[in-house]
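Notes follow the structure.
2 protein chains.
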Amino acid sequence: MQELIDLDREECEALLRAGVAGRIAIATPTGPHIIPVNYSVVDDAIVVRTSPYSLLGSYGRDTTLAFEVDQFDYDEQRGWSVVARGRGDFVTDIDELDHIREVWAPQPWVGGSRTLYLRLRWTELSGRRVGAGWDALSRMPARRSL
Amino acid sequence: MQELIDLDREECEALLRAGVAGRIAIATPTGPHIIPVNYSVVDDAIVVRTSPYSLLGSYGRDTTLAFEVDQFDYDEQRGWSVVARGRGDFVTDIDELDHIREVWAPQPWVGGSRTLYLRLRWTELSGRRVGAGWDALSRMPARRSL
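Protein chains in written order, with my numbering: chain A, 1 to 146; chain B, 1001 to 1146.
Pasting the structure below:
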């Protein structure tokens, strides 16, 4: 059995900014959903590309969203997770879209028309790790790189 | 760019039943949350152990929950995910608790008092994979074993 340790804000941000794929929880008329996404972080917001006809495109605007990224180490039975929460909106302003593409455009693994840029500006950031004595960031499975 | 392929029900169940850790999305008065959990599958339900004072303990009863398990392959830019949705309830019946412990008791990696058994009996099961020509189940990072 391991300890559960809160991550400080700096650690949360570092892990969040280094990630490539996570999941968004969204409220819909039939209850909560979870959707795996490729994402990028631009300034203090998570940005994902989606379709206007998806769950995120249908219900992701002007509502609170939760985004999660984690890493489980099954052999060692440890891991970490970071959750960012805040209001979702769609980016339509040309200058803002240019800024996103300049900083780090989200790069979906999946093809198809993903014309909608959903942004989650976080107002709440929290993270936890299971187990002491190891460095979460150095154990990222994939690091964002330019 | 890869294809997005729907998994059939049998594949969803196989992946769900083989997993060890996933995430629950839950509605709370301040919007959706995502909580990483260790889980087990007993009959047609996901079972997790939690504390009565946690988010799941506070808001997980008699409400729709979404559970997700996934695996991302960052090198190949592919992966799969399965989402199970259904009503959450707390298991308090002694015979039902015995049955859960016999079949496969959830084994949290984290210590502490987790006396509450939250059950999600799924009524909706869906899954997707990114990319064709590989076997999701054989690429599970950890398999449940007796």
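For every residue, glycine included, the Cβ atom is placed at its ideal position computed from N, Cα and C.
Using beta-carbon distances, T1064 of chain B counts as an interface residue toward chain A, with a partner under 8 Å. A distance of 8 Å or more separates the beta carbons of V83 of chain A and L4 of chain A. Going by beta carbons, G57 of chain A and L116 of chain A fall inside the 8 Å limit.
Chain-order list of chain B residues neighbouring G133 of chain A: empty, with the shortest C-beta distance near 15 Å, by a criterion of under 8 Å. When DSSP reads this structure, E1068 of chain B sits in a beta bridge with B:R1023, B:V1083. Ranked by Cα distance from V47 of chain A, the first of A:V37, A:A14, A:Y53, A:L55 is A:V37.
Per the coordinates, the alpha-carbon of T123 of chain A lies some 29 Å from the alpha-carbon of S113 of chain A. From the listed residues B:Q1107, B:R1023, B:Q1077, the smallest Cα separation to H1033 of chain B is found for B:R1023.
DSSP, reduced to helix, strand and coil, places E124 of chain A within a strand of the structure shown.
Using a Cβ-Cβ cut-off of 8 Å, I1026 of chain B counts as an interface residue toward chain A, since at least one Cβ of chain A sits closer than that to its own. Closer than 8 Å at the C-beta level to chain B, one finds these residues of the region 81-95 of chain A: S81, V83, R85. Burial check for D1093 of chain B: the Cβ neighbour count within 10 Å stays below 16, so the residue is exposed. Chain B places no beta carbon closer than 8 Å to that of Y39 of chain A, leaving this residue out of the contacts. The continuous alpha helix (DSSP H) containing A14 of chain A extends over residues 9-18. Contact note: W1109 of chain B reaches chain A through Q2, Q77, R78, V130, using a C-beta cutoff of 7 Å and chain order. S40 of chain A sits in a strand when the DSSP states are folded into three classes. Residues of chain A whose Cβ lies closer than 7 Å to the Cβ of D1070 of chain B are, in chain order, P36.
Annotation for V1048 of chain B: the continuous beta strand (DSSP E) segment containing it runs 1045-1050. Close partners of V1020 of chain B in chain A (Cβ separation under 8 Å): F72, Y74.
For G1031 of chain B, the C-beta contacts it makes with chain A under 8 Å involve A27, T63, T64, L65, A66, R85, in order along the chain.
Taken through DSSP and simplified to helix, strand or coil, D135 of chain A comes out as coil.
One Cα belongs to L1016 of chain B, the other to S40 of chain A, and the distance between them is close to 28 Å. Contact annotation for R23 of chain A against chain B: R1023, I1034, E1068 [CB-CB distance below 7 Å, chain order]. Look at G112 of chain A here: in three-state DSSP terms it is coil, with no helix or strand label.
Per DSSP, the unbroken beta strand (DSSP E) holding D1006 of chain B starts and ends at 1004-1006. Under the three-state reduction of DSSP output, R101 of chain A falls in the helix class. Against G1060 of chain B, chain A offers no close residue; the least beta-carbon distance is about 11 Å (beta-carbon pairs closer than 8 Å).
If you draw a straight line from the Cα of G1086 of chain B to the Cα of L1120 of chain B, it comes to about 6 Å. Taking the C-beta atoms as reference points, P1106 of chain B is found no nearer than 8 Å to R1061 of chain B.
For Y59 of chain A, the enclosing alpha helix (DSSP H) has its first and last residue at 55-59. Cβ neighbours of S1051 of chain B within its own chain (closer than 8 Å, five residues either side excluded): G1057, G1112, S1113, R1114, T1115, L1116.
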